[in-house]
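Novice:
Residue numbers (our numbering), protein chains in the order written: chain A, 2 to 327; chain B, -7 to 559; chain C, 6 to 359.
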């Protein structure tokens, strides 16, 4: 385990490197070179960029209102069903079909994606920040380990449902008054998911840090007078990146799904505000007649999570100096 | 499970040809699925429907209502009336006679002392009996002789069929419960879990909130019944699962309360193992208009109380316009299908009490717009929302979390948008919404919203107590810990006079006329309550189960003794 | 290590008391009412009487102390009495009679156990009743999930970016991002409705006493176990793979290979052991979850294990039940986190706690 600096390890790679003569390059350039060789990561990143752009600007192209009911055009099947079933009720006005109240699916996917992606990313980043901070502090500073881990135990043992109900009782009114019904709810949801799901990350990071800080390179760094801050940011954090990446990927999926479970408890967005998780949950009872209603949001969630996973894989490989250059 | 049912069914098919005249226990096993699991088989300690239903297979009252709302004697020999002398002329006493030769499942005789004891058990001040209101006005219940019991009321009671009529107030055995009075009732776990009864089945094993296994009562009064030797009442899961188990896979015979969208139910029924049956009672899904101001800026003691009138819902024309904009038939089609009927009445049944009020059934968006224009509500600033004197028609519309209710919210929001009313939707977890916690801002009693939607009904066939809820000062307010029943804070002295008059009137036709008038005062004359759908009860019944009669005046298991396996 | 373990065990007692207090206060603060599921036809005065009968009117500290005494003094007595009187394991000990049950025939002082508000019966009895199905279904799925996940994780990392790795990544990520409220009904539609292979209403009264009944038990377990194991597998295999990848390129691996050790020894003995820390954390954190049940899956398949018990108690606002169950999870969480910490030391002797 060494500093994250270019350092070709295997003899074969070392030989190759000597053949190529090029000027010294910045570390980030190296990272990018490695990253772009990772096909999965490029694909994942590309898809993620596409989805993000689509949900942000899709409503400018596809201008139907996702909340608009059109009861005469309810239960329209997606256009592709016409390929095998010529009797299916399809319409070019609703290429992905409409739901049981006639709301357009395409518009809902776009609007729902915006909410789900926002909640997913915000909650995931919040979770990772809290989890990593607590995990690093507990793992590195022996005095903080006891109190912080007992605090983690406490939060792990709290029953989620009453916690949510208390949060709603205490915070919904002020948040709604200050930020409006939808933004207020967004803050509440992200906060609630973040506060209730950081514990696993914290424990994993702490476990890794406990092992890492006894390694020779950390001892060497300390002996050479590196501050704790320097050790944590330069030596420890880069080495716990991969479990954090995995937690983050899984956390994104969990946050998107949890959001839909929250609305059931009355903590979620208003019932006519589409999100992917909610579309999926609402469609489950009708999955035999209208499989597309579960498939579309389900596929979107899965693909997003999958692309984040590949992106994470690529980033980790690119940031790991031992792999770089292979 | 499926295999077992099929095998048992096949075995029974070989054994017996005419099912109706079968002997006790010859038809094997019957399975009932309740997606809410029973917690305690006692209607007295838990008011929950599931618990009372589970108990009703074991414990029986003197009389029950049949599917047409008529009283049928169960443990009693006949129904006491004024004509046969069972009810006294001054309407203060009613005398019941028990059938002779009745036995408890342990073999001992059922006597009038058991009936009197049951009253003592429920009326004990420390017992926390859920059915206490059934005994309202009762001063004494005494055993005249072994088979005769006399109930005395403090004042003239035109409807003396509260105690011991219907599934909620069955007779319990004195010998078993005599040490379980008052506070002790809570501690009698064994007695509460394994009551000795007179019904067709006895409890063999009870797993709280999970499953109850019954077996046929060896001492049941009809030696040929019940046809089933054992019965399982499985709880838990969800309505979708329960529907599937009966209609699609045939694992169970009866599925309770299938609250599913009509297209989902229709799809399940294609499974061919059973059918969904529906019947109508008094349950009405309605919008309640808040006549008081729920503005969060008000302090806790005036918010949503009569001290602060609502800024625009106090205007009758606004309420009427909101009602006119709604297409109730479409709501029924989307949410309930054959299990619902559009209604304009708060009291939709029994027929004699139902007003002929049908004006609201046709949607009239243009009429609603005209009405708002006429009342001075116009869109003066061009934002699509009507306003007057700086007050915008902006509504917070809340209800409990439930797929059908959320569909209704979306539809109604759309219609109100068409007439220029802005709506914000909110849905709240049912256990908070219907819970009476005075600390929560989200209960339906507190009504911190402009409009809310829920369903309510009344027990039995008499609407007096139901209509009396809308009395002045019976509204939830800080002084009664938000415990009142007059949810929309309606207050009309004329209406209160009618309540008092109804309580004094004995003649059924006069009562009906009064009830209709009161119903109209709340609905079409004031639009304080905007009824939407008369909700039926939907039960999934297996094609192989015979003798099941859906009874909306009682529960699904009321005639379990008569069920048999069809061949 | 031993002193550390003992110190942690002693320290966990005040921790648990504090957790108990926080849980109690949180539940008191949360809105809710045990009378919420009672029909609206029952008037408020009657509901108020029912609340009083449950003991809701008492001051908070009295309620808390009563619960503590019941949980830490009376329930252990019941357990000891059971062990010495009826259990086969300790039945040879002289019969004890610490606990005086309350009941209809008892006069004078008696010990009241923690009673559920929904059922008016001892909470512990119901918990014991729920354990078999919870362990059969949730526990089994956890074991199955781990057994599948670890080899997948190891092999995926060892052959990074191979077809196996790519397929594994794809399937596990899809599996994780599709929630059980979808996979459950999907399996039901396929295997119960269309094919008719498995029953989907779990029969908790089923007794396994011969081969046929064992087969039936397997059949009714298959679908819920599949749904739950998918989630476990996805999660653990990801962590396993990531941790293995971190270690496979370390210097010590090259050294081990250079020494001429076989690949199997290098991967299984050296790399695996060093990669277990995050995986052990995830596994240990998941064990209390087994006893906590799996709420959605239990509801979909009507398994009625502890998860369903907790969720119905929460919706019915049955505080004694919720408090007791949550506290039991807290004990398990504290215990398994301690076990994880001890295991860190075993896996990596460089980790020192003193």
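Backbone N, C-alpha and C fix where the C-beta goes; we use that ideal spot for every residue, glycine too.
Note that the coordinates shown come from a computational prediction; the quantities given were computed from them, not determined experimentally.
1) Quick check: residue 86/B and residue 25/B, are their CB atoms within less than 8 Å of each other?
2) Considering only the beta carbon of each residue, do residue 117/C and residue 63/C sit closer than 8 Å?
3) Cα-Cα, which of 231/C, 213/C, 177/C is closest to residue 203/C?
4) Below 8 Å CB to CB, which residues in the same chain sit around residue 144/C once its five sequence neighbours on both sides are set aside?
5) Sort out for me which residues DSSP pairs residue 388/B with in a bridge.
6) Contact criterion: CB-CB distance below 8 Å. Does residue 139/A meet it with respect to chain B?
7) Give the residues of chain C in contact with residue 230/B, contact being defined as C-beta atoms less than 8 Å apart.
8) At the 8 Å Cβ level, is residue 167/C part of the contact set with chain A, yes or no?
9) In chain order, what residues of the same chain have a beta carbon less than 7 Å from the beta carbon of residue 278/C, not counting five sequence neighbours either side?
10) Quick check on the burial criterion: 16 or more other C-beta atoms within 10 angstroms. Buried or exposed for residue 286/C?
11) What are the boundary residues of the beta strand (DSSP E) that includes residue 221/C?
12) Report the CB separation of residue 210/A from residue 129/A in whole angstroms; it is logged as a contact under 8 Å.
13) Please determine, among 6/C, 82/C, 133/C, 65/C, the residue with the shortest C-alpha to C-alpha distance to residue 314/C.
14) Ends of the alpha helix (DSSP H) at residue 66/C?
15) If contacts are defined as beta-carbon pairs under 8 Å, then residue 133/B and residue 108/B qualify, I think. What distance do you get, rounded to the angstrom?
16) By DSSP, does residue 199/B sit in helix, in strand, or in coil?
17) Might you give, ordered along the chain, the residues of its own chain that have their beta carbon closer than 8 Å to the beta carbon of residue 327/C, omitting 5 neighbours on each side?
18) Below 7 Å on C-beta distance, what does residue 322/C contact in chain B?
19) Are any of the Cβ atoms in chain C nearer than 8 Å to that of residue 247/A?
20) Mind checking the region 56 to 77 of chain A against chain B and listing, in chain order, the residues whose C-beta falls within less than 7 Å of any C-beta there?
21) Between residue 44/A and residue 182/A, what straight-line distance do the alpha-carbon atoms span, to the nearest angstrom?
22) Locate the beta strand (DSSP E) running through residue 272/B, then write down its first and last residues.
23) Assign residue 58/A to buried or exposed, taking buried as 16 or more other Cβ atoms, counted over all protein chains shown, within 10 Å of its Cβ.
24) If you compare alpha carbons, which of 165/B, 93/B, 253/B, 383/B is closest to residue 373/B?
25) How is the beta strand (DSSP E) around residue 22/B delimited, first residue to last?
26) For residue 546/B, does the three-state DSSP call read helix, strand or coil?
27) State buried or exposed for residue 94/A, treating a residue as buried only when at least 16 other CB atoms are found within 10 Å of its CB.
28) From the DSSP output, read off the bridge partner residues of residue 246/B.
29) Since I believe residue 273/A is in contact with residue 417/B (beta carbons under 8 Å), could you give me their beta-carbon distance rounded to a whole number of angstroms?
30) Within the same chain, show all residues whose beta-carbon is closer than 6 Å to that of residue 223/B, passing over the 5 residues directly before and after it, in chain order.
31) Residue 113/B bridges to which residues according to DSSP?
32) Can you tell me where the beta strand (DSSP E) holding residue 65/B begins and where it ends?
33) Please decide whether residue 310/A counts as near chain C, where near means a Cβ-Cβ distance under 8 Å.
34) Using a Cβ cut-off of 8 Å (strictly closer), state whether residue 481/B contacts chain A.
35) Going along the chain, which residues of its own chain have a beta-carbon closer than 8 Å to the beta-carbon of residue 75/A, five neighbours each way excluded?
36) Taking the alpha helix (DSSP H) that residue 407/B falls in, what are its first and last residues?
Specialist: With the given structure in hand:
1) The answer is no: Cβ separation not under 8 Å.
2) Not closer than 8 Å, so no.
3) The shortest Cα separation from residue 203/C among 231/C, 213/C, 177/C belongs to 231/C.
4) So the list reads 295, once near-sequence residues are dropped.
5) Per DSSP, 416/B.
6) No, because no Cβ of chain B sits closer than 8 Å to the Cβ of residue 139/A.
7) Within 8 Å Cβ-Cβ: 304, 305.
8) Chain A places no beta carbon closer than 8 Å to that of residue 167/C, leaving this residue out of the contacts.
9) Only 352 meet the Cβ criterion.
10) Residue 286/C is buried by the Cβ-count criterion.
11) Run containing residue 221/C: none in the beta strand (DSSP E); it sits in the alpha helix (DSSP H), 216 to 253.
12) Actually they are not in contact, since the Cβ atoms of residue 210/A and residue 129/A sit about 15 Å apart, beyond 8 Å.
13) Taking only the C-alpha atoms, the option nearest residue 314/C is 133/C.
14) Residues 65 to 74.
15) Yes, they are in contact, since the Cβ atoms of residue 133/B and residue 108/B sit about 5 Å apart, within 8 Å.
16) Correct three-state label for residue 199/B: strand.
17) So the qualifying residues of the chain are 32, 315, 318, 319.
18) Near residue 322/C (Cβ distances below 7 Å), the residues of chain B are 423, 427.
19) For residue 247/A, a Cβ of chain C is located within less than 8 Å of the residue's own Cβ.
20) Those would be 70, 72, in chain order.
21) Inter-residue distance for residue 44/A and residue 182/A is about 37 Å (C-alpha atoms, whole angstroms).
22) Segment 266 to 281, the beta strand (DSSP E) holding residue 272/B.
23) By the 10 Å Cβ count, residue 58/A comes out exposed.
24) Comparing Cα-Cα distances from residue 373/B to each of 165/B, 93/B, 253/B, 383/B, the minimum goes to 383/B.
25) Unbroken beta strand (DSSP E) run through residue 22/B: 21 to 26.
26) Residue state, collapsed to three classes: coil.
27) By the 10 Å Cβ count, residue 94/A comes out exposed.
28) Residue 246/B is bridged to 24/B, 533/B.
29) Contact between residue 417/B and residue 273/A is confirmed by a C-beta separation of about 6 Å, below the 8 Å threshold.
30) So the list reads 22, 193, 206, once near-sequence residues are dropped.
31) Bridge partners of residue 113/B: none, in fact.
32) In the DSSP assignment, residue 65/B falls within the unbroken beta strand (DSSP E) covering 63 to 65.
33) Answer yes: the Cβ-Cβ gap between residue 310/A and chain C drops below 8 Å somewhere.
34) No, residue 481/B does not count as interfacial toward chain A.
35) Counting only residues of its own chain and dropping the five nearest sequence neighbours on each side, residue 75/A has a CB closer than 8 Å to the CB of 99, 100, 101, 102, 103.
36) That run of the alpha helix (DSSP H) goes 395 to 410.
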